Amino acid sequence: MNLELDMYGLWEGINEVIVTTVSSDGKPNAAPIGIIRREGKLMVRVYNGSQTYSNIKETGLLAANMVFDLVLFVRSALSDVDDEVFEFIKTDNGEDFPVIANCNAWMLFEAEYNSEDTVLVAELHPVNGTIRQQEIRPVNRAFNAVIEVAILATRYKVFKNNKYLIQMESYNNIIYKCAGSTEKNAYDLIFRLL
Ligand SMILES: Cc1cc2nc3c(=O)[nH]c(=O)nc-3n(C[C@H](O)[C@H](O)[C@H](O)COP(=O)(O)O)c2cc1C
1156 MNLELDMYGL WEGINEVIVT TVSSDGKPNA APIGIIRREG KLMVRVYNGS
1206 QTYSNIKETG LLAANMVFDL VLFVRSALSD VDDEVFEFIK TDNGEDFPVI
1256 ANCNAWMLFE AEYNSEDTVL VAELHPVNGT IRQQEIRPVN RAFNAVIEVA
1306 ILATRYKVFK NNKYLIQMES YNNIIYKCAG STEKNAYDLI FRLL
């Protein structure tokens, strides 16, 4: 299926999205993952140890959900999300597959991978997709900073190295200068979930 990647917001570079997957026994999962688009190809690099890694290996499928919900980015990075965040679409062979209910767009992919040791590197082939809303969003530096802090927090969780905490705190000023209540709440949530 030839889906127009630009229309879905999947541009050249690394696109931070919420990836939804499902385990072989039907349990949905969500996690922030970067979808890499270079020279017309789409890839993901997913580290061993995550539920997303196991689910992709079990089903060979993932969906990229384009969302601007910072709290969902933080929760899905650092804990489990409530079942209500999901809705289910049908795959080509009639099985239920989870996507994020309030996403702006989702795209379902088949993940073709060869190596899968510490990191599963997969090329993504679009299967299906839907655009639901075109949201107008100016750049907010606090929004971007919270995403950076969330990434550092996931590294701190794995490696328990204080350098990540120090890097996280270096974003304090920019977040308190530029944030609205959503960004502040998401930022505080990161520290509560650590
Ligand atoms: C913005 C953002 C982007 C991320 N990108 C990736 C990625 O590309 N690959 C990866 O393995 N982990 C990535 N992570 C970390 C995972 O989201 C994190 O390990 C998460 O806990 C995995 O959840 P799961 O066990 O439910 O799959 C990212 C985290 C954030 C906040």
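Heads up: the sequence shown is residues 1156 to 1349, going by our numbering.
For each residue, glycine too, the CB sits at the ideal point set by N, CA and C.
Nothing here was measured: the structure is a model prediction, and the numbers come from that model.
Nearest neighbour of residue i, chosen from the options [CA to CA]
i: Asn1283; options: Ala1305, Ala1297, Ala1300 and Ala1260; result: Ala1260
i: Tyr1326; options: Arg1347, Ser1178, Glu1303 and Val1229; result: Glu1303
i: Thr1337; options: Ala1219, Ser1205, Asp1247 and Ala1300; result: Ala1300
i: Ile1291; options: Ser1179, Arg1192 and Phe1223; result: Phe1223
i: Lys1182; options: Val1199, Asn1269 and Glu1242; result: Glu1242
i: Glu1167; options: Ser1178, Leu1307, Met1198 and Gly1204; result: Met1198
i: Ser1179; options: Leu1165, Ile1286, Thr1214 and Pro1187; result: Thr1214
i: His1280; options: Arg1287, Glu1267 and Asn1340; result: Glu1267
i: Ile1173; options: Gly1195, Phe1228 and Leu1165; result: Phe1228
i: Lys1245; options: Met1262, Ser1234, Val1236 and Asp1238; result: Met1262
i: Gly1189; options: Lys1212, Asn1248, Ala1218 and Cys1258; result: Ala1218
i: Asn1295; options: Leu1225, Ser1205 and Ser1209; result: Leu1225
CB contact below 7 angstroms: residue i versus chain C
i: Gly1189; result: Although the question refers to chain C, the structure presented lacks it and comprises just one protein chain.
Residue environment, residue i, which counts as buried when at least 16 other CB atoms sit within 10 Å
i: Thr1175; result: buried
i: Met1162; result: exposed
i: Ala1231; result: Note on residue identity: the sequence assigns Ser, not Ala, to residue 1231. Result: buried.
i: Leu1344; result: buried
i: Pro1293; result: exposed
i: Tyr1331; result: exposed
i: Tyr1202; result: exposed
i: Ala1256; result: exposed
i: Glu1159; result: exposed
i: Ile1321; result: exposed
i: Thr1207; result: buried
Residue i beta carbon near ligand 1 (any heavy atom closer than 6 angstroms)
i: Ile1255; result: no
i: Pro1187; result: yes
i: Ala1232; result: yes
i: Ser1178; result: no
i: Val1201; result: yes
i: Thr1246; result: no
i: Ser1336; result: no
i: Thr1175; result: no
i: Ser1270; result: no
- Task: Tell me the start and end of each unbroken alpha helix (DSSP H) in the region 1171-1223 that is at least 4 residues and wholly inside, in chain order.
- Result: Whole alpha helix (DSSP H) segments, 4+ residues: 1206-1214.
- What residue ranges within the region 1245-1327 form continuous beta strand (DSSP E) runs of no fewer than 3 residues, ordered along the chain? Runs of the beta strand (DSSP E) inside the region 1245-1327: 1251-1255, 1260-1271 and 1274-1286.
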